[in-house]
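Participant:
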Amino acid sequence: MYNIAILGASGYTGAELIRLISGHSSMQIKALGGNSKAGQSMAEVFPHLRHLDLPALVTIDDIDFSQIDLCFCALPHKTSQEVIAKLPADLKIVDLSADFRLRDPEAYKKWYGNDHAALDQQKEAVYGLTEFYREEIKAARLVAGTGCNAATGQFALRPLIAAGLIDLDDIIMDLKCAVSGAGRSLKENLLHAELSEGYHAYAIGGTHRHLGEFDQEFSAVAGRPVKVQFTPHLVPANRGILATCYVKGDALAIHGELEKVYADEPFIEVLPLGEAPSTRHIRGSNFCHVGVVQDRIDGRAIVVAALDNLTKGSSGQALQNANLMLDIAETEGLMMAPLFP
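First residue of the sequence shown: 1, per UniProt numbering; consecutive thereafter.
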């Protein structure tokens with residue numbers, strides 16, 4: 001039984017980690033860090049978890065990490081790197097923030113607006129897209145969880161770029177994001193009256209931070225620079241991401257490649273050719289559904305991917321990686337069926 005700490009336990013991804021680990025046969029939660037709510041019980045912060053026997057929230061400084069086998073860090077970017085730099089050098093860490101996703105410190109500064117404060121840790125971090133970095137993650141001490149948008153787009157396109165099946169200079173990604181991806185902090189634009197009964201595009205024209213991950217990963221796979229055209233939209237839903245990708249390529253070949261690449265992946269489901277996924281079919285689960293549809297224009301195809309941003313896009317991915325790091329079955333604690341309706 002491995003002892004687990006969760007830092008940032010009072011946020012959405014922290015709560016999701018607790019939900020998932022509560023059904024895990026080889027992990028027990030020993031410490032919950034939440035500086036802003038230190039001293040409160042999890043039942044007070046998240047009443048849906050009141051049935052669990054959990055430690056109270058404490059400040060990070062009050063946690064004895066010598067008793068911890070693996071730490072999940074679910075803190076905001078910039079804060080995360082500052083905290084991780086001070087943690088024991090032998091502690092296994094899965095970071096859910098953006099702080100260690102980008103390998104180039106200058107790219108991090110470009111997309112996040114500040115110098116990186118933990119360059120030694122940044123150098124050793126392994127990118128946490130499990131299905132494509134599995135062996136590296138098994139041997140890692142520090143794993144950097146992907147952005148939820150970045151994960152969705154990569155599940156749709158990464159195999160196609162690697163196989164040379166699509167035009168790398170003509171990729172358009174239209175992505176719909178649920179509101180929990182913005183975190184739990186109070187924001188005026190996320191009030192019910194501001195958000196409900198409509199949706200809107202944001203970060204238009206290539207300013208979204210997850211583009212740094214797309215640039216990094218797609219270019220590495222292709223062996224040359226690749227830049228996608230990407231526009232996210234905020235929708236009035238609690239969970240889910242739907243990425244609709246418009247590409248130049250043969251739909252049948254694209255579908256066949258995705259089926260081949262994901263044939264043995266427990267969490268990636270490729271739908272029959274012509275079917276498109278829905279966020280309602282993966283809600284609350286660690287599954288990602290991918291579909292391919294032939295466009296009416298010859299030589300063009302539409303690839304659609306759907307996942308739950310809090311599970312497969314963040315906390316579920318983090319637990320999947322932690323299982324690998326601790327030599328536990330990768331699917332442990334993660335095979336729950338999606339919630340429907």
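Backbone N, C-alpha and C define an ideal beta-carbon position, used for all residues, glycine too.
(1) Please confirm if the region 173-182 is in contact with the region 116-123, defined as three or more CB-CB distances below 8 Å between the two stretches.
(2) Give the range of the alpha helix (DSSP H) segment to which K260 is assigned.
(3) Which residue from L54, F100, C71 puts its Cα closest to that of K123?
(4) Using only alpha-carbon positions, find the residue among P88, W111, R103 that is nearest to G128.
(5) Going residue by residue through the region 149-210, where are the continuous alpha helix (DSSP H) segments of at least 4 residues, counting only ones entirely within it?
(6) When the distance is taken between beta carbons, is N286 closer than 8 Å to F267?
(7) Hey, quick one: how far does the beta strand (DSSP E) through P232 stretch, first residue to last?
(8) Do you know offhand how far F132's Cα is from A144's?
(9) Can you tell me the Cα-Cα spacing of F46 and A253, whole angstroms?
(10) Tell me the start and end of each unbroken alpha helix (DSSP H) in the UniProt domain "Semialdehyde dehydrogenase NAD-binding" (3-140) that is at least 4 residues and wholly inside, in chain order.
(11) For the 8 Å Cβ check, are there 3 or more pairs between the region 240-248 and the region 140-156?
(12) Taking the alpha-carbon positions, what's the Q6 to A305 distance?
(13) Can at least three beta-carbon pairs, one atom from the region 222-234 and one from the region 292-311, be found at a separation below 8 Å?
(14) So, using beta-carbon positions, are Y199 and P236 closer together than 8 Å?
(15) Tell whether a beta-carbon distance below 8 Å holds between I302 and P338.
(16) Nearest CA to the CA of S36: which residue from Q121, R184, Q320, V179?
(17) Return the bridge partner residues of L307 from the DSSP annotation.
(18) Under the rule that 16 or more other beta-carbon atoms within 10 Å means buried, what is Q317, buried or exposed?
Facilitator: In brief:
(1) Not touching, per the Cβ criterion.
(2) 251-261
(3) F100
(4) R103
(5) 192-195
(6) yes
(7) 229-234
(8) 13 Å
(9) 46 Å
(10) List check, alpha helix (DSSP H) in window: 12-21, 42-45, 79-84, 105-112, 119-124, 130-138.
(11) yes
(12) It should be noted that the sequence gives Ile, not Gln, for residue 6. If I take the Cα positions, the gap works out to 29 Å.
(13) no
(14) yes
(15) no
(16) R184
(17) I241, C288
(18) With 16 or more other CB atoms across the displayed protein chains lying within 10 angstroms of its CB, Q317 is buried.
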